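Peer 1:
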Amino acid sequence: MTEFTTRRQLFADTLLNNSIAIFPSNQELTRSNDTEFRFRQNSDFYYLCGFNEPDACLVLIKKEECVKTILFNRKKDKTAEIWHGYRLGQEAAITELQIDDAFPIDDFEVQLSQLLTDIENIYYPVLSGLSLDQRLQNVLTSLRNKSRSGLITANQFLNWQPQLHEMRLFKSSAEQDLMRKAGEISALGHVRAMQRCKPGMLEFQLELEIEYEFAKQGTRDVAYSSIVAGGNNACILHYTENDKPLQNGDLVLIDAGAEYQGYAGDITRTFPVNGRFSEEQAIIYQLVLDCQLLAIENVKPGISVLGINKLVVRKMCEGLLNLGIMKGDLETLISEEKYKSFYMHGLGHFIGLDVHDVGEAGTIDNPRLLEAGMAITIEPGIYISHDADVEDRWKGIGVRIEDDILITTTGHEVLTSAVPKTIKDIETLMQHG
Ligand code: GLY
Ligand code: MN
Ligand code: MN
């Protein structure tokens with residue numbers, strides 16, 4: 002809780018005086034008729050209070066340099082709790098979440114109208130599709146209609162996202178511990194997949210081996226839908242059908258990560274379904290691995306992911322040229338981005354409460370430089386699909402290797418190193434367990 006109160010205080014320091022900042026939670030999403038998807042909290046809301054129920058809203062009020070934290074959440078309700086589960090309610094919220102006050106979410110309009118008295122600035126990301134958009138608009142419209150009585154003084158809307166997301170970009174030491182754990186658990190899931198994989202299994206059967214290991218390690222959720230892609234399916238970047246049989250002689254690409262206390266792991270490993278790389282598979286795999294190791298070696302404060310990607314692209318193009326998979330002049334292939342037929346995504350992204358976390362890569366001329374406390378993925382890949390214009394022997398080979406990296410003052414720490422990635426280590430693990 003100290004972590005959350007500190008975050009609220011630091012965030013409030015960025016607010017103008019006489020302001021209100023409004024952070025809606027997520028709502029439950031219907032899957033079909035009477036069934037819902039498993040609930041996932043809004044990351045910004047969670048970051049500021051750690052409360053994990055739907056239908057809630059956190060409000061920070063800063064007046065005369067004094068900050069008040071108020072929560073709107075669901076009322077205790079015996080019948081609803083018998084049917085649908087426990088609710089914290091208002092009284093317990095005040096003590097457990099260390100906030101100043103709590104009101105039932107049903108009273109949002111009435112209470113918020115009062116809280117807006119003497120407020121000059123409303124911090125809320127307008128038009129961002131948050132759950133309380135409509136109800137907030139109703140409150141403001143109704144206050145404006147009464148404005149002759151001088152009730153509303155707010156004169157500007159500001160967006161809280163820039164300053165909050167800048168905070169989220171830098172992981173505190175408590176967050177770093179959670180990310181280490183997310184990385185470790187994710188790695189164990191991939192180890193199990195390597196140990197259990199057999200020709201003839203369906204891709205989703207292997208998917209559940211990984212997710213079973215996540216559960217055994219104490220975490221229930223995946224950070225995103227797992228990708229388990231055999232053979233040519235690996236060339237579909239966001240393949241999540243996962244319903245085809247794994248073929249003897251093919252590679253399988255698995256991109257899966259556990260979510261631990263809200264924090265994402267994001268690992269990709271590619272390995273042979275039968276435990277042994279063919280000659281061509283090994284050649285492409287080693288090239289991707291060399292690119293990934295080169296990238297990781299360069300991760301440190303002061304450099305950008307876009308800058309590191311330039312090194313990766315050069316190495317990859319040299320390799321693909323040597324193999325005859327790309328043809329022509331190296332500099333032209335790079336400047337005309339011909340490699341994008343085989344490597345069509347970025348090198349990595351920020352990671353944290355969201356797998357694709359807040360924070361922008363910037364542009365190649367004005368990139369975001371890495372700083373200690375940030376966390377990123379490094380995930381180069383080469384995808385040679387069946388319809389590529391190359392010799393047949395390369396076709397159907399898709400390889401990506403992805404790890405999660407914390408930037409430290411002196412360089413970096415790989416959070417997901419517990420799953421093997423050299424050809425030798427993968428083959429040994431698959432053959433001898
Ligand atoms: N798993 C999503 C990604 O690697 O970006
Ligand atoms: Mn991934
Ligand atoms: Mn990723």
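Our numbering puts the first residue of the sequence shown at 2, with every later residue one more than the last.
Think of the CB as a built atom: it goes at the ideal place given N, C-alpha and C, for glycine as much as any other residue.
Keep in mind it's a predicted model, so treat the numbers as computed, not measured.
Where do the N-terminal and C-terminal ends of the beta strand (DSSP E) with residue 122 fall, by residue?
Peer 2: 122–124
Peer 1: State the beta-bridge partners of residue 350 as determined by DSSP.
Peer 2: Residue 350 pairs with nothing; no bridge assigned.
Peer 1: Is any heavy atom in ligand 3 found nearer than 7 Å to the beta carbon of residue 239?
Peer 2: no
Peer 1: When we look at the beta-carbon of residue 317 and count the other beta-carbons within 10 Å, is it buried (16 or more) or exposed?
Peer 2: buried
Peer 1: Residue 21: buried (16+ other C-beta within 10 angstroms of its C-beta) or exposed?
Peer 2: buried
Peer 1: Compute every distance between the C-beta of residue 167 and the non-hydrogen atoms of ligand 1, then say whether any falls below 7 Å.
Peer 2: no
Peer 1: Tell me, please, whether the segment 280–298 touches the segment 237–247 by the rule of three or more beta-carbon pairs shorter than 8 Å.
Peer 2: no
Peer 1: Could you have a look at residue 341 and say whether DSSP puts it in helix, strand or coil?
Peer 2: Correct three-state label for residue 341: helix.
Peer 1: The beta strand (DSSP E) that contains residue 414, what's its start and end?
Peer 2: 413–415
Peer 1: With residue 376 and residue 406 assumed to form a contact (beta carbons below 8 Å), what rounded beta-carbon distance in angstroms separates them?
Peer 2: That belief holds up - the Cβ atoms of residue 376 and residue 406 are roughly 7 Å apart, short of 8 Å.
Peer 1: Assign residue 436 to buried or exposed, taking buried as 16 or more other Cβ atoms, counted over all protein chains shown, within 10 Å of its Cβ.
Peer 2: Nothing can be reported for residue 436: it is not among the residues displayed for the chain, which extend from 2 to 434.
Peer 1: Look up residue 261 in the DSSP assignment and say whether it is helix, strand or coil.
Peer 2: strand
Peer 1: Nearest CA to the CA of residue 164: which residue from 267, 101 and 125?
Peer 2: 125
Peer 1: Distance check for residue 357 and residue 279, CA to CA, integer angstroms please.
Peer 2: 33 Å
Peer 1: Residue 49 CB to nearest chain D CB: under 8 Å?
Peer 2: Among the protein chains of the structure shown there is no chain D, as only one such chain exists.
Peer 1: Quick check on this structure: which residue in 329, 185, 255 and 25 has the alpha carbon closest to the alpha carbon of residue 209?
Peer 2: 255
Peer 1: Can you give the beta carbon distance from residue 314 to residue 297, rounded, assuming they're within the 8 Å contact cut?
Peer 2: With 8 Å as the limit, residue 314 and residue 297 do not qualify as a contact, their Cβ atoms being about 16 Å apart.
Peer 1: Excluding the 5 residues flanking residue 319 on each side, which residues of the same chain have their C-beta closer than 7 Å to its C-beta?
Peer 2: 331
Peer 1: Any heavy atom of ligand 2 closer than 7 Å to the beta-carbon of residue 204?
Peer 2: Checking every heavy atom of ligand 2 against the Cβ of residue 204, none is found closer than 7 Å.
Peer 1: May I ask you to check if the CB of residue 191 is nearer than 7 Å to at least one heavy atom of ligand 1?
Peer 2: no
Peer 1: Using 8 Å as the threshold, is the C-beta distance between residue 50 and residue 25 below it?
Peer 2: no
Peer 1: Tell me which residue opens and which closes the alpha helix (DSSP H) that residue 67 is part of.
Peer 2: From DSSP, residue 67 is part of no alpha helix (DSSP H) but of the beta strand (DSSP E) over 67–74.
Peer 1: Mind checking who residue 158 pairs with in its DSSP beta bridge?
Peer 2: 123
Peer 1: Should residue 182 go down as buried or exposed, given a rule of 16 or more other Cβ atoms within 10 Å for buried?
Peer 2: buried
Peer 1: When DSSP labels each residue in this structure, what does residue 364 get in the three-state scheme?
Peer 2: In this structure, residue 364 counts as coil in the three-state DSSP scheme.
Peer 1: State the Cα-Cα distance for the pair residue 87 and residue 341, rounded to the nearest angstrom.
Peer 2: 50 Å
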